[in-house]
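Residue 911 is where the sequence shown ends in the working numbering, and the numbering goes up by one at each step.
Worksheet: the structure to be examined is printed underneath.
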Amino acid sequence: MDRASERQCLELVARERSGHTAVLHNNLLYVWGGYMSVGDDEVFLPNDELWEYDLERGVWKVLHTPGEVPPSMSGTCGGCLSGVLYIFGGCDDNGQTNELYSVDLTDGTFTWKKIVHASGSPPSPRDKLSCWVYNGTMIYFGGYGHKVLSDLDSRSRSFIVDETSWAGEVFWGWNNEVYMFDPRLLSWSQPKTFGRSPAPRAAHASATIRSKGYICGGRVMETRTSDVHCLDLETWTWTELTPSSPAPVGRSWHSLSPVSDTGLFLFGGLSMDCNPMSDGWVFDTESRKWTEVSHPYKNKPRLWHTACAGRDSDVVVFGGSCDYILLVDTTVQFTRAAHRRVQFTRAVQQTRSVHQSRTTDTFSSPEPYNRHVQFTRAVQQTRSIHQSRITDTCSPPERYNRHVQFIRAVQHTRSVHLSRTTDTCTSPEPYNRHVQFTRAVQQTRSVHQSRTTDTFSSPEPYNRHVQFTRAVQQTRSVHQSRTTDVCSSLEPYNRPVQFTRAVQQTCSVHQGRTTDTFSSSEPYNRHVQFTRAVQQTRSVHQSHTTDTFSSSEPYNRHVQFTRAGHCNDALVFQMQPYPLSRICEDYIAKTVQDCDSLRTQVPLLPDKLLSAVYARMCFYRASKKTH
């Protein structure tokens, strides 16, 4: 076995990241995976890098790890058991996974192994789950992932389907399942639990105190909670711990750490109104009382960070985002959704280009406007293909599902529109505005078509097309005025409004130039010019989406996501006063001249205790010289 390549430097610091995994072993913090910002993009961190931070010396070291290295991911669940780091699940470029990897942190080689021959059935693919380490086993709970239709039980409450994410017989959603992995037996099992299980959720937080596993908060659909549940890891019985005092606001992507035999420390997360949080709370599992605590990091909000319990009730928080990464979603891995959208736009553009090239060749059928019908079907097919791809690789629901919801809504509307077009358009959905608009355009085209063959002998044969363009423009104007009535929410579904306005402006410019340059001998080339103008507008709109999306309109939500601020600083929370022996041990390693220098490093000690500590240190130093 080759030793892992190492390089160490006082200035070396782990890169900023969110959605990573971190564990604490022998006072060394190990960090793996996650994603970071590079310019306006979000990219995975290298999968062969394992970062080590010495809490005593404050020094980072990067370990380049060999073996069966897991793919670059975010949203994995990591835990340290007997000096071995296990990571399960997560989301990579191909979507959620249910693969399990391990790396020994004690043998010096740091070689990854993929666990493939375990008996039993592992959990379905998922990310943003949590785990407890207990009695030599890894116990996993919850998460967001997908299941096939045959695995869904309508009578079970263990899986809530995300109605915005499905493809064929594959459905995405949240679960509350409990799975156990035993490394000694290399086996998976699903213990039967008793009591009232927590609601399915993801992006929650968990912690272990003795034989009890606790979870707090998390998200399901559009709801974020702060409820606390306890699972007895001996009897597998669930208990909800109803608080006896006001609780923190609901949140997801926060952390929960044990700080005493009955205390759990909650930090940060994303609130119901999508604000990054920096508050800290302690929950007493016996009195069930929440207490907000003061700390020096109030100006450092965090979400999707990691928190590890250290010595003497210290909590070490690393990384995370200080912005609302849901709106920059996504994926990351977060660029996956944006990348899919670009692919879709290019596919539509390519379809239009093919449609354009065929227009002049086959525009001789009795119904020349059926080209538009063919084009619409081609776009619909492209969207269908695009949609199926989105559901495969668009895992983090908190980031990309806004775009997915919009695409799905459009797809559903088009499907309904297709079936209802010949009947009636009386559905209450606001999407029937598009149906009314399409009908108006169809009717206008029909009238234009009937008039073309009758009165196409005037000195200006092309003015028929001009009349048609004006009719379309007028129809669009009416449609636009109605759109603003029913599209006033802040959701990104009103993106088409911006595009419709751009098209309307293009139509206006095109209309103004029609009478000047209408000298071509092909009456239909006006439609060609218009289509090209629309294509150009869409291209500009697409480029502006990622470049100049800084206005205050709600459309910049997607761009805000891709510009999230990730962190790479470590925050150490001292939850309880250090014991005297700890202070002495830590301080003897340093050169001490007098009480004043001790005071600068341990400012919270009262004067009497400060003098006692200094006296004790002098005693220790004298003892060392004697021996």
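Where is the CB? At the ideal position from N, CA and C, for every residue including glycine.
Residues bridged to residue i [DSSP beta-bridge criterion]
i: Asp325; result: Val322
i: Tyr370; result: Gly363, Ser386
i: Gln858; result: Asp598
i: Cys606; result: DSSP output for Cys606 lists no bridge partner at all.
i: Gly547; result: Asp568
i: Tyr581; result: None, per the DSSP bridge assignment.
i: Asp853; result: In the DSSP output, where bridge partners are listed per residue, Asp853 has none listed.
i: Ala491; result: Tyr498
i: Val512; result: Cys500
i: Val432; result: Val454
i: Leu312; result: His309, Asp338
i: Pro542; result: Leu548
i: Ser302; result: Tyr319
i: Asn459; result: Phe443, Arg485
i: Thr381; result: Arg410
i: Gly351; result: Trp396
i: Ser358; result: Cys375
i: Thr507; result: Val504
i: Gly553; result: Met561
i: Leu587; result: Ser605
Residue interval of the beta strand (DSSP E) (run including residue i)
i: Cys592; result: 590-593
i: Ile399; result: Where Ile399 is concerned, there is no enclosing beta strand (DSSP E), given that its DSSP letter is neither H nor E.
i: Lys573; result: 573-577
i: Glu333; result: 333-338
i: Val533; result: No beta strand (DSSP E) holds Val533; DSSP gives it neither H nor E.
i: Ser473; result: 471-473
i: Cys558; result: Segment: none, Cys558 is in no beta strand (DSSP E) and carries neither H nor E.
i: Phe465; result: 462-466
i: Cys425; result: Note on identity: in this sequence residue 425 is Phe, with Cys being the wrong assignment. Its beta strand (DSSP E) spans residues 421-425.
i: Val297; result: From DSSP, Val297 is part of no beta strand (DSSP E); its letter is neither H nor E.
i: Trp522; result: 521-524
Other residues of its chain near residue i: CB distance less than 6 angstroms, five sequence neighbours each side excluded
i: Leu855; result: Tyr581, Val601
i: Thr305; result: Trp316, Gly317, Thr360, Gly362, Ile371
i: Glu576; result: Trp565
i: Leu413; result: Cys361, Gly373, Tyr424, Gly426, Gly427
i: Arg595; result: none
i: Leu515; result: Gly497, Trp522
Beta-carbon gap between residue i and residue j smaller than 8 angstroms
i: Arg572; j: Pro527; result: yes
i: Leu548; j: Ala591; result: no
i: Pro409; j: Thr381; result: yes
i: Leu334; j: Val387; result: yes
i: Trp588; j: Gly303; result: yes
i: Ser473; j: Gly534; result: no
i: Ser544; j: Gln858; result: no
i: Tyr337; j: Leu369; result: no
i: His430; j: Trp456; result: yes
i: Glu325; j: Ser356; result: Here residue 325 is Asp; the residue named in the question, Glu, does not match the sequence. Cβ atoms of Asp325 and Ser356: not closer than 8 angstroms.
i: Pro532; j: Leu550; result: yes
Residues near residue i in its chain [Cβ-Cβ closer than 7 angstroms; skip 5 each side]
i: Trp416; result: Ile423, Ser490, Thr492, Gly497, Leu517
i: Ser529; result: Lys573, Trp574
i: Arg503; result: Arg485, Ala486, Ala487, Ser536, Glu682
i: Pro407; result: Asn382, Tyr424, Glu461, Tyr463
i: His309; result: Cys364, Gly367, Leu389
i: Glu300; result: Met320, Gly603, His850, Cys851, Asn852
i: Asp568; result: Thr546, Gly547
i: Pro475; result: Val462, Met464, Trp520
i: His579; result: Gly564, Phe857
i: Thr421; result: Met464, Phe465, Asp466
i: Pro542; result: Ala491, Thr492, Ile493, Leu548, Ala593
Same chain, Cβ closer than 8 angstroms to residue i, five either side skipped, listed in chain order
i: Val297; result: Trp344, Asn852
i: Leu469; result: Ser403
i: Glu352; result: Tyr385, Trp396, Lys397, Lys398
is_contact[residue i, chain C] using C-beta, thresh 8 angstroms
i: Leu312; result: Of the protein chains in the structure, only one exists, and it is not chain C.
Q. Per the contact definition of three or more C-beta pairs closer than 8 angstroms, is the stretch 422-440 in contact with the stretch 397-404?
A. no
Q: Assess, as a yes-or-no matter, whether the stretch 507-523 is touched by the stretch 474-483 under the definition of 3 or more beta carbon pairs within less than 8 angstroms.
A: They touch, by the three-pair rule.
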